[in-house]
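Q: Each residue of the sequence shown is one higher than the one before, starting from 3 at the first, in my numbering. Got a structure for you, written out below as structure tokens; questions coming shortly.
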Amino acid sequence: MIEWVKVVLLGIIEGVTEFLPISSTGHLIVAAAALNFEGSLNGTFEIFIQLGAIVAVVVYYRSELFHQFKTFPSDPSVRHFWLGVFIAFLPAAFFGFLLRHWIKDVLFSPVVVAISLIIGGVIFLLIERRPPPTDQGSTPEELTAITLRQALIVGVVQITALIPGVSRSGASIIGGMQSGLSRQAATRFSFYLAIPTLGMATIYELISSLDQITSTQEVGMLALGAVVSGIVAWFSIDWLLRYVSHNSFVLFGYYRILAGVVILLLVALGTLATA
């Protein structure tokens, strides 16, 4: 029963953090270590429960996605937009496939997460101090006009999110802002980009780890974690979209630095395992 409670807690953490620029995978790695969670399946659990976040995005944008699906054959702007999403998806997909085992074996540790959180937090604060790029793409219509160059920049920056603690959403949003997208458009593009990025990562991870899933309890834990994360993620999307309309990411920058320092202190004190 205790392990099932841990699954619910980890699902909540995934749902809260997936679309915030603070690294859901990093938080799950640290939380699983702190809870002594035994159902990680060598990192498969932390990746698979992202499925809930994917479903949350699809449900949240269901009207827009349905409209785009209907108009895809006849609307060049919709086809151009999804070509941009595909281009942004490719870099992280390639390196993620190439380095999957090394990332899980070497980088899935609280120390790596802490360092990544701190570095990312500093980068957030530095970027927010700079004058904003040309404001464009702040509406859904303008978002479909994202250039392929901007999409590629987002995709290249998203490679860094393969390191736990960097944050996929944080990297893609910052990449979009630095390419010239407005904060709102970069955030929305990050959500759309999550569909193929998290979707392919989840499917590939599940197929690659089927031999490790040996009991109905493990299947149940994966399913419960995904369901809980999906419900919580839906509310996180709505909150973040409203937040970025009126606020910078400075608060997230300070949070990342503080969280990273706390994790390093816990590791130094022996309270948190290093792997």
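All C-beta atoms in this analysis are idealised placements derived from N, C-alpha and C, irrespective of residue type, glycine included. Predicted model only: the values in this text are computed from it and were never measured.
Ignoring anything shorter than 4 residues or poking outside the stretch 132-206, list the alpha helix (DSSP H) runs there in chain order.
A: Whole alpha helix (DSSP H) segments, 4+ residues: 142-145, 150-160, 170-181.
Q: With distances taken between CB atoms, is the gap from Val156 to Gly177 smaller than 9 Å?
A: For Val156 and Gly177, yes; Cβs fall inside 9 Å.
Q: Determine the contact status of Ala261 and Ile24, defining contact as a CB-CB distance below 9 Å.
A: Taking 9 Å as the Cβ cut-off, Ala261 and Ile24 qualify as a contacting pair.
Q: For Tyr256, count neighbouring C-beta atoms within 10 Å of its own C-beta (all shown protein chains included) and say buried if the count is 16 or more, exposed if not.
A: Exposed: under 16 other Cβ atoms inside 10 Å.
Q: Looking at the unbroken alpha helix (DSSP H) that takes in Lys72, where does it start and where does it end?
A: Start and end: 64-73.
Q: Decide if Met179 is buried, meaning its Cβ has at least 16 other Cβ atoms within 10 Å, or exposed.
A: Answer is buried; the Cβ neighbour count reaches 16.
Q: Along the chain, where does the alpha helix (DSSP H) that runs through Lys8 open and close?
A: Counting along the chain, the alpha helix (DSSP H) containing Lys8 begins and ends at 4-19.
Q: Would you check if the distance between the CB atom of Val7 and the CB atom of Val230 is smaller than 9 Å?
A: No.
Q: Provide the residue span of the alpha helix (DSSP H) that contains Leu274, from first to last.
A: Premise fails: Leu274 is in no alpha helix (DSSP H) and is neither H nor E.
Q: Report yes or no: do the stretch 197-208 and the stretch 48-59 share at least 3 C-beta pairs separated by less than 8 Å?
A: As far as the Cβ criterion goes, the stretch 197-208 touches the stretch 48-59, which means the pair count is three or higher.
Q: What span of residues does the alpha helix (DSSP H) with Glu40 cover, start to end?
A: Run containing Glu40: none; DSSP gives neither H nor E here.
Q: Considering just the uninterrupted stretch of the alpha helix (DSSP H) at Leu85, what are its terminal residues?
A: Here the alpha helix (DSSP H) through Leu85 covers 78-104.
Q: If I measure Cβ to Cβ from Leu127 and keep anything under 6 Å in the same chain, skipping five residues before and after, which residues do I get?
A: Excluding positions up to five away in sequence, the list reads Gly255.
Q: Among the candidates Trp84, Leu119, Asp240, Phe47, whose CA atom is the shortest distance from the CA of Tyr206?
A: When only C-alpha atoms are compared, the closest one is Phe47.
Q: Determine the DSSP secondary structure at Gly222, reduced to helix, strand or coil.
A: The answer is helix: DSSP assigns Gly222 an H, G or I state.
Q: Look at the alpha carbon of Gly167 and the alpha carbon of Phe74, and state the distance between them as a whole number of angstroms.
A: Each residue's Cα considered, the two are about 36 Å apart.
Q: Going by CA-CA distance only, name the one from Leu85, His82, Gln160 that's closest to Ser290.
A: Outside the displayed span of the chain (3 to 277) sits residue 290, for which this structure offers no information.
Q: Tell me, please, whether the stretch 40-54 touches the stretch 215-226 by the rule of three or more beta-carbon pairs shorter than 8 Å.
A: Yes: at least three Cβ pairs fall under 8 Å.
Q: Does any residue of chain C have a CB that is nearer than 9 Å to the CB of Gly122?
A: No chain C is part of this structure, which consists of one protein chain only.
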